[in-house]
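Here is the structure we will look at.
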Amino acid sequence: MVVANTYMDLYFSIFQEPNDLYDRQKYIRYIEGQVELPPDFKRQWIDAHQYMMKAVGRDFLMRAGDGHPLFRLLTGTAPW
């Protein structure tokens, strides 16, 4: 698990390459690194990401690209 001093440090320690934005596992690592959030809230957030991976497929973000209406919602780092 990655833990950083700030949200931006955490973000840039995980999302280092342009294609990292399409990797759902990177978002899960980002959630796990959120030290201020309660564990049960993080679990719900992770469950939501895993559900979306199952519902739309692991490669949905790569296939859809940033022009898809759901792209910003799914790649946002704010809690759902």
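The sequence shown runs 41 to 120 under this note's numbering. Glycine residues also receive a C-beta, built at the ideal position from the N, C-alpha and C atoms.
Does the region 94-113 come into contact with the region 68-82, if we say contact requires no fewer than three beta-carbon pairs (one atom in each stretch) closer than 8 Å? Too few Cβ pairs lie closer than 8 Å, so no.
Would residue 61 pass as a contact of residue 117 if the rule is Cβ separation under 8 Å? Within the sequence shown, residue 61 is the residue found at index 21, counting from 1. Within the sequence shown, residue 117 is the residue found at index 77, counting from 1. Annotated as distal: residue 61 and residue 117, with beta-carbon spacing of 8 Å or more.
Does the region 50-59 come into contact with the region 84-98, if we say contact requires no fewer than three beta-carbon pairs (one atom in each stretch) closer than 8 Å? By the Cβ rule, the region 50-59 does not count as touching the region 84-98, because fewer than three pairs are nearer than 8 Å.
Which residue comes first and which comes last in the alpha helix (DSSP H) that contains residue 81? By 1-based counting over the sequence shown, the position of residue 81 is 41. Residue 81 -> alpha helix (DSSP H) spans 79-96.
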